[in-house]
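Protein chains in written order, with full-length UniProt numbering: chain E, 1 to 363; chain Y, 1 to 363; chain U, 1 to 363; chain P, 1 to 363. Encoded as C-alpha cells, the structure appears first; notes follow it.
Protein chains: 4
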Amino acid sequence: MAQVNAILTDAPKGGVRYGKIDIRDEEGANAKLEPVYTGICGTDRGIVSGSLQFAYNPQGYSSLVLGHESVCKVIDIGENPYHIRPGDYVVPVVRRPGDCVNCLAGRQDNCSDGNKHEAGITGMHGFMREYFYDHSDYLVKVKDPSILDVAVLTEPTKNVMKAFEVFSVVSKRAIFHNRHSTLTDKRAFVIGTGSEAFLYALMCREYGFETVILNRHPIDERKLSLADAAGIEFHDYSKDFDQVTQGGIDLLIDTSGHPETIFRFMRKMNYNGVLILFGTNGKAPGAPLDGSDIDYIVERNITIAGSVDAAQVHYYQALEYIRKWRYVYGKAFASMITGVYSPEETDIFSRKPAEEIKSVIKW
Amino acid sequence: MAQVNAILTDAPKGGVRYGKIDIRDEEGANAKLEPVYTGICGTDRGIVSGSLQFAYNPQGYSSLVLGHESVCKVIDIGENPYHIRPGDYVVPVVRRPGDCVNCLAGRQDNCSDGNKHEAGITGMHGFMREYFYDHSDYLVKVKDPSILDVAVLTEPTKNVMKAFEVFSVVSKRAIFHNRHSTLTDKRAFVIGTGSEAFLYALMCREYGFETVILNRHPIDERKLSLADAAGIEFHDYSKDFDQVTQGGIDLLIDTSGHPETIFRFMRKMNYNGVLILFGTNGKAPGAPLDGSDIDYIVERNITIAGSVDAAQVHYYQALEYIRKWRYVYGKAFASMITGVYSPEETDIFSRKPAEEIKSVIKW
Amino acid sequence: MAQVNAILTDAPKGGVRYGKIDIRDEEGANAKLEPVYTGICGTDRGIVSGSLQFAYNPQGYSSLVLGHESVCKVIDIGENPYHIRPGDYVVPVVRRPGDCVNCLAGRQDNCSDGNKHEAGITGMHGFMREYFYDHSDYLVKVKDPSILDVAVLTEPTKNVMKAFEVFSVVSKRAIFHNRHSTLTDKRAFVIGTGSEAFLYALMCREYGFETVILNRHPIDERKLSLADAAGIEFHDYSKDFDQVTQGGIDLLIDTSGHPETIFRFMRKMNYNGVLILFGTNGKAPGAPLDGSDIDYIVERNITIAGSVDAAQVHYYQALEYIRKWRYVYGKAFASMITGVYSPEETDIFSRKPAEEIKSVIKW
Amino acid sequence: MAQVNAILTDAPKGGVRYGKIDIRDEEGANAKLEPVYTGICGTDRGIVSGSLQFAYNPQGYSSLVLGHESVCKVIDIGENPYHIRPGDYVVPVVRRPGDCVNCLAGRQDNCSDGNKHEAGITGMHGFMREYFYDHSDYLVKVKDPSILDVAVLTEPTKNVMKAFEVFSVVSKRAIFHNRHSTLTDKRAFVIGTGSEAFLYALMCREYGFETVILNRHPIDERKLSLADAAGIEFHDYSKDFDQVTQGGIDLLIDTSGHPETIFRFMRKMNYNGVLILFGTNGKAPGAPLDGSDIDYIVERNITIAGSVDAAQVHYYQALEYIRKWRYVYGKAFASMITGVYSPEETDIFSRKPAEEIKSVIKW
C-alpha cells in the first residue's frame, strides 16, 4: 500500500480533483513508471462530467485515477524480453485482457464478452499519478527518444492503426483499388477536426487517398497548417456540402458519433465504400434511415464497421508513424500538442480550449 | 430479328402481359436456349407494379422481357470450354459486366461504377420468353439433371453464396469462432420467412450456426417442416422478442429491408457480430438510430455489410448446395416450389399466394 | 483404473497386439464411448513398423492404444451444449491443445510450439479399445446417422478441409480465378490414389476444378468408378507425363511425400499456382532443386504450403461433405471402405491390401 | 522517330555500350522525362553478361535500352489526375500489363500468363537514355523532393513492399503473432547483404521483428553502420550457424537464389514459419530435399512463397518508407548509394565494386 498524488474522479458519478490516494500493491508488476506527459481526451471529460455510465472505480476503491493516454519514464524494471531498461520511455497499454478467445490471443480490443478492463476508465486505475507499477508485458518502448514531445499521441494513434486494419480486412470483399492498383483517385472523408480526426487523415494520406477533413465551421490557422503540410483538404460542410461530396466518398471515417452527420455523408458513398464508425457521443439525437437508405447500402455493397480501441501491435505501429510524421512534418506535427498543463490545473477537464487539438499534462 | 412470345413489362412504368415481341439478333451469342422453369420474386412484382424506378427497357425497345430466375434447356450451342452440349440444362447469369476493375475480373456483382446490366431488370431482356440466345460464357451447367425440379432456385441461392463470402471476409477482422474453432454456440438470426430467408437459414446451418428464422406472425406447416428437417428454429417475434433474443445474435441477416425491424434486432447483437443487409424495400418507413446506437456498433466492433447479387462462381456453389439439399432433405426441400403456373397466368405477378415460398412458371 | 481390450503398440518401438490394458480414469471426461468403426492409415502402420520416431506412449504407460480415425457410439454423457445424447454417434477430435496462442484459439492443428498431443500417436491413448472416456468438448456429433457406414472417413476428410482453408488463404495473394470468377478452366492435380488422394480430389471438384489424380501405375475398377462418378480423371503418369501436364497445373496437392515426384510436377505449375504438401514419407530419398527451380517459383509467384491435421471446425465440415457425397455418389462413395476387419485381425496393420482405399475395424 | 544517347545492349546476347539509337515515337505517351539517377542491379549485369535468356529486344529493334531502376525529372506532361507537373520528379513503373485478369486489375506483377513487358528487360526499352516519353498512368510522383538522392531506391524497395503484402496474406493461415499480438519475439532472417537484403531487413524492423542479415563472410563498416542504425544484427553464418539459428526462424527471406543456403536455413524454421523466395540465380547448383524435409514443412505448417516484382501501389509505399528512412536514419540510409557513375562508365556493368550496396548512374 502506498500513498500517491493523482488526478481522481469517482466513476461514474464524476468530478475531478488532484489529491492523495492509497493504492494497493499491484500484483505481478515488475516495473515502476513515472508519467512524463498524459493526454486528455473526450472520454476523460465525459467521465469527469458524469456522463459515461460504463465507467467505474476499481474493485475496493471509492475513486478512480484518471488517464489512459500517456508516455512514461521507466524508473525501475525487472529483466524482460523487450529490451526495456531504467531510463527508457514507454507507453503503457490501456486495455487489459479477460479470458475470451480474442483476449487470449492478445486482441482484447476485440474482446468477445466485455470482460476486460481499461486503465483510467473501467475498473482499473489510470496513469495520471506521480508514479505507478505495471508489468513489462504491457509496456511499449519508445525506441527513438527524440520524439518524446509527441509520443503521448501514441494512444489516440493506435486507434487509427486498428481502424485501418479493419479497413484492410473488410475492403477485401471487392477490388477496392483502381485499375492501376492504387488509391490515387479514391476519396477518404474524415468527419471532425479534433486530434483523432487529424491522425486518421494523416493515415489516409499514407494510403494514398485524396483526403478531406470536415467540420461545420471554419478551423484556425494552426490546424490549416498541419492539413497543408500533409496534403489534406479541409471543408466547412455547412457551406459547400454538395460541392465537396461531388465525386462521392470511398472511405468515410467518423469521429463525431453524430448520426445525422454520419448518415448525410453516408448517402454520398461510392460503390464498395467503407464507413468506419469510431466516434461516440451517447447523447447525440436520433436520425432516421429509411428503406431507400438500406437499399443504397445493399445495392452498393457498402460496409459499415464499428472500431474501438486497438491491440498492442497497433501501439508499435502508432509509434513508428508518429516517428515518421515528427521527422517529416516537423513543427506542423508537433503543434498538435496545443496546450501543456500542470496536474493541479484540473479545470482543463471541464473546459475545452477553442483551438485545442490535444491538451496534455506535464508531470 | 425474330418474333417470340414473352412475358413483357414497360419499365419503369410497369404492367405485365404475355405477348409477342420482336427481338434483334443477340451479338456474340453462340447458344439457343429454352426456359424450363422461371421463378418469380419480389423484384419482378416490383417492376410490374411500377415501384422500382431503377428498372429500364433495353436500348431501342419500348418493353422489357421479364425474368432473371431460370433454368433452361440448351437447344443448340457452339463449341465451348464448359462441356455444355445440346440437351444439357443451364442457368444463365443475370448480371452482365461493364468495364470497371471489378467487372473485368468477373465480379460485376461488385461493379465499381454501376455500368452493368441485369437480365429482366435493367436494360437487358430477361429469360421469360419461348427461347432466347446467349453466350456460353454466361451459362452455368446443371451437372446433375436429377435436380431439375429445384434448379430454378439457383438464382436466389447464389445471392446467399455471395453474402456468405462477404461474411467470411469481414468476420476475419476478429476471431469470430469459439475456443474450439467452431460456431456451435454462435447464433444466426434471419429476418423473414420467404425463399431467400430459407436459403440463408439453410446455409447458416451448413456453417454450424444455431439458426433462427423470424417473422411477426406464425408460418404454415410446409414452412415448419422444411425448418424442422434442417434444424432451423422459427420464432414469431411479435410474441417472444425478449426471450428469443436472449443470448444475443452473432450473425444477423435481413431479407426484409425494413429499418425498424433491422435496428430492433441489431441492438441485440453480440461483440464482433456481423449484420448482412440483403433485403430491400425502398418504400419502408424511416427508423431512427441515435448516439447510443452508434456507440453500440463501435464498442462491440460490429460490422454491417450490404450484399447484392453474386458472381458466376456463386452460381456453381449454389448448384452444389441445392444438389446436396435436394438429396438430403428430399421432399421437404423440393416443397420450396409452392406453385407452378403457365406463362399466360400473369396475375401471379400482382398477387402473392399466402403460403408462397417460390412461385415458378413452367414453359 | 479399468481394464479394457485394446489394440496396442509400444511407441516408438512398434509392434501390435490385441490385448488387455489397465487405463487410469480420464480426468475431466464426461462421456463414455464405444467405437463403431476405426480406420487404419499409413500413420498407424508406420507406428506399428517402428518407423515413426515422433510417436510415444502416454506418460506412465509402457504401451499406446492405437487409433485416431473413428466413429463412436455414445453410451453415456453429461449435459453438454452440443445436444449430444446417449445413443448418438460422434467423431472424437484427434489432436488436443497445449497452451500456445493457436491452441488457446482452438487451432491446435496450427500449434506454435509442438506442445500438443494426438490420440493414438503422441502421448495419448487412441480410440481402438472396447470403450473409453472423453470430454464432450472434443466430440463432433454425426447429425445424420444414415451415413454411419462412411462416417469413419471424417478424420481423413477433415485434413482435406483444413488444406482447402490454407489454399483459400494463400491463393488470395493474387487473383486465382479466371475472368468469369470461376475455376472451370483451372487444373488441380492430386499425386496419389489412396483415400486421402480421393478425398482431396472430391473436394477439388466441389471447387469446380478440372481434377486429375495421378499414380505411376494403373488403378483398379473400383477406384475408376468412384473417379468417374465425380468427374475426376485418372492418369498413369509413368506413361503420359508430358501429355497430362500440358496446360499446366494451378493447384497441386501431394499425398505421397515423395520429393522427386513432387518436384517433377511442380515444374509444370502455372503462374500463381499453389502447391499443398500433405503427404509425408520420412524415408523418401532426396531430390535436388537448383537455381532455375527457385527462379521458377519466384518468377511465377508460386506458393508452397505444408498442411497438417485440422481444427474441430473441419470435422464438422468433413461430416457435411461426407453426407453430401454419400447421398449424391451413393455406393461409389461407400465403396471407399474396401475392407472391414475384426480387432483381432491385427495383421492388417502390417500389410496393405492391393486394392485398399480404406480398411476399417468393426467393433 | 528520334535519335538519343542511351546505354544499349543486345538482348539476350549481351554486351553494353553508350551510344546513339533511333527510337520510334511512343504511342500514347503524354510525358517527356529525363532520368536523374538510374540504378544498376544484378539483372542489368546478367543481361550484359548474356546470362539471362528471358531478356529480349523490343519488336523491330536490334538493341535494347537498359535500365529499370530510375528517378526522372518531368520535362513536359499533359493534364493528368496525378497532379504531376513539369519540374516534378517521378519513378516510372517497370512492368507493363498484358490482358490477363491480374494485369487488368493493375496487378501485372501477378500476371497470370506471362504476357507483360518490363522496361529495360523484356521487349521494352529501359530508362537509361537522355530522355524518353511515357504515359502519366505509369509515373509515380516523388512527393517530397528532399529525398531525391535516394529516390532511385524506389524500384528495389517496391519489391520488398510486394513481398510483405504476400507475407501478410499467407501468414494469416494461422495466428503468426505472439499472445500480445506483436512480433517482438519473432525472428526474421534475411539471406544476403546487398541492397535488396538491406531494404528487406529495414522493413522487417518496421514490422517489429528481431532482424538478422546473413552472409558467409564479414561485411564492411558502412554496412554495419546502417544495420546498427536500424537495430539489425549481422551474422557471418560461415562461423556461427548453429548459434545464430538457435531460437529458430519465423520469417525467412532469401535474396541469394542459392538452394543449398536456403534449405540450410529452412530446416531451422519455426512452426507456422514463412519463407519468401525473392533472389534468383539461375546458375546456382542443385541441393536436395528429402522425405524428412517435406515432413518438416508439413508438420510445421510452413509456407514458401515466391515473390517477383510489385504493383504500382507498392511504388507509392516504397517512396513513403524511403522518405521515412531518409529522415530517420539520415546519412546511414543515404550511404546505401555506394557509387555514382557517368553514363559513359559502362564498365560498371561488368564489375561489382567490393563494398557496393547500390551503384547508380547520374544523368
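No residue lacks a Cβ here, since even glycine has one placed at the ideal position from N, Cα and C.
Distance between beta carbons of residue j and residue i, contact taken as under 8 Å
i: residue 58 of chain Y; j: residue 64 of chain Y; result: 7 Å
i: residue 162 of chain U; j: residue 76 of chain U; result: The pair is not a contact, with the Cβ atoms about 31 Å apart (cut-off 8 Å).
i: residue 24 of chain P; j: residue 170 of chain U; result: That pair is no contact at about 43 Å.
i: residue 134 of chain U; j: residue 92 of chain U; result: 5 Å
i: residue 268 of chain P; j: residue 249 of chain P; result: 5 Å
i: residue 166 of chain U; j: residue 276 of chain U; result: 7 Å
i: residue 346 of chain Y; j: residue 16 of chain Y; result: 5 Å
Per-residue burial, residue i [other beta carbons within 10 Å of its own, 16 or more giving buried]
i: residue 201 of chain U; result: buried
i: residue 2 of chain Y; result: exposed
i: residue 180 of chain U; result: buried
i: residue 217 of chain E; result: exposed
i: residue 125 of chain Y; result: buried
i: residue 68 of chain Y; result: buried
i: residue 83 of chain E; result: exposed
i: residue 358 of chain U; result: buried
i: residue 46 of chain P; result: buried
i: residue 324 of chain U; result: buried
i: residue 223 of chain Y; result: buried
i: residue 116 of chain U; result: buried
i: residue 312 of chain Y; result: buried
i: residue 114 of chain P; result: exposed
Residue i Cβ short of 6 Å to the ligand COA heavy atom set
i: residue 206 of chain P; result: Among the components of this structure there are no ligands whatsoever, and the ligand COA is therefore not found.
Close-in-space but distant-in-sequence residues of the same chain around residue i (CB under 6 Å, 5 per side omitted)
i: residue 364 of chain P; result: This structure leaves residue 364 of chain P out entirely; chain P is present only between 1 and 363.
i: residue 197 of chain Y; result: 190, 213, 255
i: residue 233 of chain U; result: 212
i: residue 70 of chain E; result: 35, 38, 127
i: residue 102 of chain U; result: 110, 111, 112
i: residue 129 of chain E; result: 4, 6, 65
i: residue 335 of chain E; result: 222
Close-in-space but distant-in-sequence residues of the same chain around residue i (CB under 7 Å, 5 per side omitted)
i: residue 157 of chain Y; result: 199, 318, 321, 322
i: residue 284 of chain U; result: 257, 258, 259
i: residue 145 of chain Y; result: 89
i: residue 131 of chain P; result: 4, 32, 33, 34, 75
Endpoints, alpha helix (DSSP H) assigned at residue i
i: residue 204 of chain P; result: 195 to 206
i: residue 320 of chain E; result: 312 to 329
i: residue 72 of chain Y; result: Where residue 72 of chain Y is concerned, there is no enclosing alpha helix (DSSP H), although the beta strand (DSSP E) it sits in stretches over 69 to 77.
i: residue 187 of chain P; result: Note, residue 187 of chain P: premise wrong, no alpha helix (DSSP H); beta strand (DSSP E) at 187 to 191.
i: residue 294 of chain P; result: 291 to 299
Start-to-end residues for the beta strand (DSSP E) that takes in residue i
i: residue 17 of chain P; result: 14 to 23
i: residue 61 of chain E; result: Premise fails: residue 61 of chain E is in no beta strand (DSSP E) and is neither H nor E.
i: residue 5 of chain U; result: 2 to 10
Chain B residues whose Cβ lies nearer than 7 Å to that of residue i
i: residue 2 of chain U; result: Although the question refers to chain B, the structure presented lacks it and instead comprises the protein chains E, Y, U and P.
Contacting residues, own chain, Cβ-Cβ under 8 Å from residue i (five flanking each side not counted)
i: residue 247 of chain P; result: 187
ask   = Residues in the segment 260 to 280 of chain E with C-beta within 9 Å of chain Y's C-beta atoms, listed in sequence order?
value = 262, 263, 270, 271, 272, 275, 277, 278, 279, 280
message = To be precise: take each residue of the segment 306 to 323 of chain E, compare its Cβ to all Cβ atoms of chain P, and keep it if any distance is under 7 Å. Which residues remain?
response = 311, 312, 313, 316, 320, 323
message = So if I threshold CB-CB distances at 9 Å, which residues from the UniProt domain "Alcohol dehydrogenase-like N-terminal" (34 to 144) of chain P count as touching chain Y?
response = Going along the UniProt domain "Alcohol dehydrogenase-like N-terminal" (34 to 144) of chain P in chain order, one finds 101, 102, 104, 105, 106 with a Cβ nearer than 9 Å to chain Y.
request  = Pull out every residue of the segment 324 to 347 of chain E whose Cβ sits closer than 7 Å to any Cβ of chain P, in chain order.
outcome  = Listed by position, the residues of the segment 324 to 347 of chain E near chain P (Cβ gap below 7 Å) are 324, 327, 328.
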